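To start, the structure under review is shown below, and the notes come after it.
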Amino acid sequence: MGVNSMNLFLRLHTGGITLVKLTVNGKAVSVDAADDTPLLWALRDHLKLNGTKFGCGAALCGACTVHVDGEPTRSCSLPLSAVAGRRITTIEGISAKGLHPVQRAWIEHDVPQCGYCQSGQIMSAVALLNKNKKPTDAEIDAAMSGNLCRCGTYQRIRAAIHTAAGKGKGSSNSKASAMTNANVSTKKSGT
Ligand code: FES
Ligand code: FES
1 MGVNSMNLFL RLHTGGITLV KLTVNGKAVS VDAADDTPLL WALRDHLKLN
51 GTKFGCGAAL CGACTVHVDG EPTRSCSLPL SAVAGRRITT IEGISAKGLH
101 PVQRAWIEHD VPQCGYCQSG QIMSAVALLN KNKKPTDAEI DAAMSGNLCR
151 CGTYQRIRAA IHTAAGKGKG SSNSKASAMT NANVSTKKSG T
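See below:
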């Protein structure tokens with residue numbers, strides 16, 4: 001970590017605990033945790049943003065996907081020390097006005113089954129559409145290949161992404177939205 005980065009955030013070491021400052025859903029926040037705490041647990045346990053899910057814990061399933069500086073990233077395997085001063089967007093923060101077009105498309109196609117993987121699926125879909133406004137089936141499959149769904153909702157996910165692309169996906173908003181976003185993503189997960 002360079003001197004410039006140190007100017008972006010404050011890190012106070014006290015008995016192995018570090019105060020890390022970062023931006024989550026457009027808000028400056030501080031997390032008091034060990035350097036190697038996975039971002040996922042900082043989000044869920046410290047910031048109470050429970051829309052992001054734990055699946056494998058090994059960057060293999062995509063359930064924990066968030067955006068880090070706009071890139072879809074597995075938060076279960078990213079230590080806090082790697083995200084200090086960076087811009088994090090979670091499922092709760094993708095729309096400031098309520099439902100994101102991708103979430104609306106998810107509802108239209110009734111995508112979720114158990115719902116557990118869907119927060120990560122939506123975050124990957126939003127990231128895809130932010131870069132590619134009209135993805136092909138092959139491009140969707142490639143972009144979503146790291147997000148597993150044990151319920152096999154892949155066909156509905158693909159259809160919903162096409163629908164969201166047709167309606168205009170909007171962009172990831174930096175301001176935190178109401179928890180309705182998380183509720184939609186997790187409506188059947190019960191977690
Ligand atoms: S929980 Fe992070 S990739 Fe599976
Ligand atoms: S809806 Fe994807 S794991 Fe159940």
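Numbering (the working numbering), first residue to last: 1 to 191.
We put the beta carbon where it would ideally sit given N, CA and C, even for glycine.
What you are looking at is a predicted structure, and each value in this text was computed from that prediction instead of being measured.
Beta-carbon proximity of residue i to residue j, cut-off 8 Å
{"i": "T23", "j": "S119", "result": "no"}
{"i": "A105", "j": "L128", "result": "no"}
{"i": "V68", "j": "I88", "result": "yes"}
{"i": "S77", "j": "A58", "result": "yes"}
{"i": "A159", "j": "H109", "result": "yes"}
{"i": "E92", "j": "N25", "result": "yes"}
Sequence-distant residues of the same chain with beta carbon closer than 6 Å to residue i, five excluded per side
{"i": "Q113", "result": "C151, T153"}
{"i": "A63", "result": "K53, G55, C117, G120"}
{"i": "K167", "result": "P101"}
{"i": "N50", "result": "R44"}
Residues sharing a beta bridge with residue i, DSSP
{"i": "A105", "result": "Note: A105 sits in no beta bridge, so no partner."}
{"i": "V83", "result": "Its beta-bridge partners do not exist; DSSP assigns none."}
{"i": "R74", "result": "T65"}
{"i": "S30", "result": "K21"}
{"i": "I88", "result": "V24, V68"}
{"i": "P135", "result": "None; P135 has no bridge partner."}
Of the residues the options, the one placed nearest residue i, counting alpha carbons only
{"i": "T65", "options": "T90, R44, R86", "result": "T90"}
{"i": "K134", "options": "T163, S145, G146", "result": "T163"}
{"i": "N132", "options": "L148, G115, I161", "result": "I161"}
{"i": "S95", "options": "P72, M123, P79, E71", "result": "M123"}
{"i": "M71", "options": "R156, V126, N147", "result": "With the sequence shown as reference, residue 71 is identified as Glu, and Met is not the correct amino acid for it. Closest option to E71, Cα to Cα, is V126."}
{"i": "G75", "options": "I140, L40, L47", "result": "Note that residue 75 is Ser in the sequence shown here, rather than Gly. Out of I140, L40, L47, L40 has the C-alpha closest to the C-alpha of S75."}
{"i": "V83", "options": "D141, Q103, A33, K48", "result": "A33"}
{"i": "P38", "options": "T73, K27, A28", "result": "T73"}
{"i": "P79", "options": "C61, L47, V20", "result": "V20"}
{"i": "K48", "options": "S30, L60, C61", "result": "S30"}
{"i": "C61", "options": "I140, R156, I157, S145", "result": "S145"}
Contact test: residue i Cβ vs ligand 3 heavy atom, cutoff 7 Å
{"i": "A63", "result": "By its list of ligands, the structure shown excludes ligand 3, since it contains just ligand 1 and ligand 2."}
Contact set for residue i: own chain, Cβ-Cβ below 8 Å, skip 5 residues either direction
{"i": "R86", "result": "L22, T23, V68, D69"}
Pocket of ligand 2 (residues with CB nearer than 6 Å to any heavy atom), chain order:
P112, Q113, C114, G115, Y116, C117, Q118, C149, R150, C151, T153
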